[in-house]
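Residue 640 in our numbering sits at position 650 of the sequence shown, and the numbers go up by one each step. By construction, the Cβ of each residue, glycine as well, lies at the ideal position given by its N, Cα and C atoms. Below is one structure, written out as structure tokens; the observations come after it.
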Amino acid sequence: MLEFLDIFVSTQFIPHGHCYLWKPGLVWLHVLSDSLIAFAYYSIPVMLVYFVRKRKDIPFGGIFLMFSAFIIACGTTHLMNVWTLWVPTYWLSGLIKAITAFVSVLTALQMLPLIPQALALPSPAELEEANCQLAKEIAERKRTEEVLRESEQRWELALRGNNDGIWDWNVKTNEVFFSTRWKEMLGYEEKEISHYVDESVMRVHPNDRNGVMKAVENHFSKLTPFYTNEHRVLCKDGNYKWILDRGQALWDEDGNVVRMVGSYTDITERKEAEKALSDLLKELESRVERRTLELTQINNSLAAEITERQRIEKALRESEEQFRSAFDQAAVGIAHVGINGEWLLVNQKLCDIVGYKSEELYRLSFQDITYGDDLEDDINYVNQILAGEIDSYSLEKRYLRKDISLVWTNITVSLIREVDGEPKYFISVVEDISDRKHSQEKIKASLLEKEVLLKEIYHRVKNNLQVISSLLNLQSAYIKNSEDMVIFQQSQQRIASMALVHEKMYQSPDLAKINLHEYVQDLVSSLCSCYELNTNVILLDINVGQDIFLNLDAAIPCSLIIHELVSNAFKHAFVGTNKGEVNIEITKNHENQIILIVKDNGIGLPANFDFQNTASLGWELIDALTSQLSGSINIKSDIGVEFKIDFPYIDKI
-9 MLEFLDIFVS
1 TQFIPHGHCY
11 LWKPGLVWLH
21 VLSDSLIAFA
31 YYSIPVMLVY
41 FVRKRKDIPF
51 GGIFLMFSAF
61 IIACGTTHLM
71 NVWTLWVPTY
81 WLSGLIKAIT
91 AFVSVLTALQ
101 MLPLIPQALA
111 LPSPAELEEA
121 NCQLAKEIAE
131 RKRTEEVLRE
141 SEQRWELALR
151 GNNDGIWDWN
161 VKTNEVFFST
171 RWKEMLGYEE
181 KEISHYVDES
191 VMRVHPNDRN
201 GVMKAVENHF
211 SKLTPFYTNE
221 HRVLCKDGNY
231 KWILDRGQAL
241 WDEDGNVVRM
251 VGSYTDITER
261 KEAEKALSDL
271 LKELESRVER
281 RTLELTQINN
291 SLAAEITERQ
301 RIEKALRESE
311 EQFRSAFDQA
321 AVGIAHVGIN
331 GEWLLVNQKL
341 CDIVGYKSEE
351 LYRLSFQDIT
361 YGDDLEDDIN
371 YVNQILAGEI
381 DSYSLEKRYL
391 RKDISLVWTN
401 ITVSLIREVD
411 GEPKYFISVV
421 EDISDRKHSQ
431 EKIKASLLEK
441 EVLLKEIYHR
451 VKNNLQVISS
461 LLNLQSAYIK
471 NSEDMVIFQQ
481 SQQRIASMAL
491 VHEKMYQSPD
501 LAKINLHEYV
511 QDLVSSLCSC
521 YELNTNVILL
531 DINVGQDIFL
541 NLDAAIPCSL
551 IIHELVSNAF
561 KHAFVGTNKG
571 EVNIEITKNH
581 ENQIILIVKD
591 NGIGLPANFD
601 FQNTASLGWE
611 LIDALTSQLS
621 GSINIKSDIG
631 VEFKIDFPYI
641 DKI
């Protein structure tokens, strides 16, 4: 073997360059020509192989590879021509040429059977015609797909509309299509259920699984025309639903089942209703048995009950006679009135009240003898009773007596109904209240007189207090001592605050109490005028509840307290400063107490100030008036002074 290889690589011959006498121009001409040819031969197969790999749809791919091998072999022979110019391995060069010859012949032989097939390939015109036909088929297919898509949309809407879950079972592959609704019924998302029949079977309740399999087998064997079965199915949340499962199989020509399509219907509510009905029937049967036993016992005691009933009927007759006697002799009018207002039964007292005989009343209705101004209210109450909105009503109304005079009555009306709830008749109790009405009119006139008198008293007290204030003002003209003058002015202001209380009482719609909100506004305004207070420098913040009303006993002490506290703030709080703020707040808390707060941001109280031991008429007044109101005082002097007084709220006289 080694000797054979030595022959092929033997260099005992003369290099081919000697034939060209080693002329450089000639040698390089052959070198370049053979090298470029070899390069071209090697690049062409690369492109052919790339083309065949990318276009696997091109027919006769093998011949392309044969051509590639043939071209590579040819390129190699040209390289050997360059090689043998310097290295005389002519045996190796001849072997490569032999290989090239073999590949060339083999390629030619492969070409022979392909010529007819190549000739059979369609011409460009035929390809163009085929393309036109293909375009038509594509358009037809698109139209068909659109129709199928519309059909599929209608089918999907139909599935959604009937609220049933749909399944389609390919029996040969055991693949099943489950509709979205089928999955939703069991609480699953779209991708949580795979398309295999086990997804359905494994969720059937173990006690129902054999029944389902038996029903499917009977339908596949054509023992039943349709598959239908009611069973329980496990949901995602772990609960079971009752399902009505229905389906229809499709057989091939050999009688083998190839497909079955069906639906799921949720019948849980129906099953629960059936169970409830079954339980109810059992309960009814039990009740019937118990009732039968009771009836037997009742029948055994029926004779005794008949005797007892006869005794009761006798007692009822006696009771009815007693009722008739009480009805006729009652001290108030009593009547049975029909739904339309006619008198059905009246006693003698009612006849006496309205001045009619019973025979005359039976020909009339209550509307006929009711005073016109009172009839509308009476009818409204009647309609409310008939509508079931009220059970009874009482009303003061006037009747027109037979002699055309008016009689005031108080009527109490209730409705008697039939066993089925339908209105039967009214029972009306009529009481003559004419004397009481006359007394009320006299009392009302007397109250009006007293109200006028009380207003006059308030007015005169206010005037008298103003006279006293004026006298003090006149007297102050003869006072030389400044301290005495201050005392006179303070007394005058206190009297003015009390006069203001009586003025508000006089102006109040309710003569027993005044609106504290209005009073405080007027009192503070009066004090501002008296002390010539500049409200642009000293700001006033008044916050008094709109719903706080005080009677005279509480209003006068409260007004004097406010007067003293606000006056002290105006006189002493802002000495040596040119600005400040006074806050007055009166509220009512949930414990029904009045909270009075008067505070300022002035200079505050002295460090050794003792409210209880201060020799001042103002402070003594505040303490005494607070005690009179049963209240308490709390004083703070952190920033300025804050007086907080609370006392019980009494809004009655």
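query, result
"Would you kindly report the start and end of the unbroken alpha helix (DSSP H) that includes Ala30?", "14 to 44"
"If you pair each beta-carbon of the region 546 to 556 with each one of the region 611 to 626, do three or more pairs fall below 8 angstroms?", "yes"
"Which ranges would you report for the beta strand (DSSP E) in the region 237 to 263 if only whole runs of at least 3 residues count?", "247 to 256"
"Taking the alpha-carbon positions, what's the Thr255 to Arg133 distance?", "35 angstroms"
"Tell me whether the beta-carbon of His195 lies closer than 8 angstroms to the beta-carbon of Arg222.", "yes"
"Hey, out of Cys548, Ile576, Asn71, whose CA is closest to Asp531's CA?", "Ile576"
"Using the three-state DSSP reduction, which class does Arg407 fall into: helix, strand or coil?", "strand"
"If you draw a straight line from the alpha carbon of Ile288 to that of Gln300, how long is it in whole angstroms?", "17 angstroms"
"Consult DSSP for Tyr352 and reduce its assignment to one of helix, strand or coil.", "helix"
"Determine the DSSP secondary structure at Pro103, reduced to helix, strand or coil.", "helix"
"Go ahead and label His580 buried or exposed: buried means 16 or more other beta carbons lie within 10 angstroms of its beta carbon, across all protein chains shown.", "exposed"
"For Trp12, count the other beta carbons within 10 Å of its own beta carbon; 16 or more makes it buried, fewer makes it exposed. Which is it?", "exposed"
"Just the Cα atoms here: how many angstroms apart are Glu189 and Ile183?", "7 angstroms"
"Do you know offhand how far Trp232's Cα is from Glu275's?", "27 angstroms"
"Assign Val36 to buried or exposed, taking buried as 16 or more other Cβ atoms, counted over all protein chains shown, within 10 Å of its Cβ.", "exposed"
"Grab the span of the beta strand (DSSP E) containing Gln338 for me, first residue to last.", "Careful: Gln338 lies outside any beta strand (DSSP E), inside the alpha helix (DSSP H) at 338 to 344."
"Less than 8 angstroms between the beta carbons of Pro638 and Asn582, yes or no?", "yes"
"Spatial neighbours of Val327 within its chain, please: C-beta separation below 7 angstroms, excluding the five flanking residues on both sides.", "Trp333, Leu334, Phe356, Tyr415, Phe416, Ser418"
"DSSP state of Leu540, grouped into three classes?", "strand"
"Do Ile369 and Tyr389 count as a contact pair if the criterion is CB distance below 8 angstroms?", "no"
"So His326 is in the beta strand (DSSP E); what residue range does that whole segment cover?", "323 to 327"
"In this structure, what does DSSP give as the bridge partners for Gln583?", "Pro638"
"Below 8 angstroms on the Cβ atoms is my guess for Ile538 versus Leu506; work out the distance and round it to an integer in Å.", "4 angstroms"
"Take Gln536 as the anchor and find which of Cys518, Gln511, Ala30, Asn558 has the nearest alpha-carbon.", "Gln511"
"From this set, Asn533, Leu529, Ser211, which residue's C-alpha is nearest Glu508's C-alpha?", "Asn533"
"DSSP beta-bridge partners for Lys304?", "Looking at the DSSP assignment, Lys304 forms no beta bridge with any residue, so it has no partner."
"I'd like to know whether the C-beta atoms of Phe633 and Val588 end up nearer to each other than 8 angstroms.", "yes"
"Is it right to say Val403 is buried, meaning 16 or more other beta carbons lie within 10 angstroms of its own, or is it exposed?", "buried"
"Please classify Ser549: is it buried, with 16 or more other beta-carbons within 10 angstroms of its beta-carbon, or exposed?", "buried"
"Taking just the CA atoms, how far does Tyr32 sit from Thr5?", "Looking at the sequence provided, one finds Pro at residue 5 rather than Thr. When rounded, the distance between both Cα atoms is 25 angstroms."
"So what does DSSP say about Val442, is it helix, strand or coil?", "Caution applies to Val442, whose pLDDT of 44 falls short of 50 and renders its modelled position unreliable; the value that the coordinates give is listed next. Correct three-state label for Val442: helix."
"Which residues in the same chain have their Cβ closer than 6 angstroms to the Cβ of Ala563, if we skip the five residues on either side of it in sequence?", "Asp590, Gly592"
"Grab me the residues of Ile447's own chain with a C-beta within less than 8 angstroms of its C-beta, minus the 5 sequence neighbours each way, in chain order.", "Caution is warranted here: a pLDDT of 47 is assigned to Ile447, below 50, making its placement in the model unreliable, and the coordinate value is therefore given only provisionally. Once the five neighbours on either side are set aside, Ile447 has no close Cβ partner at all."
"By DSSP's criteria, Glu386 is part of a beta bridge. Which residues make up the other side?", "Asn400"
"Quick check: the Cα distance between Phe317 and Lys578, rounded to an integer number of angstroms?", "55 angstroms"
"Helix, strand or coil for Gly378? Go by DSSP, reduced to three states.", "coil"
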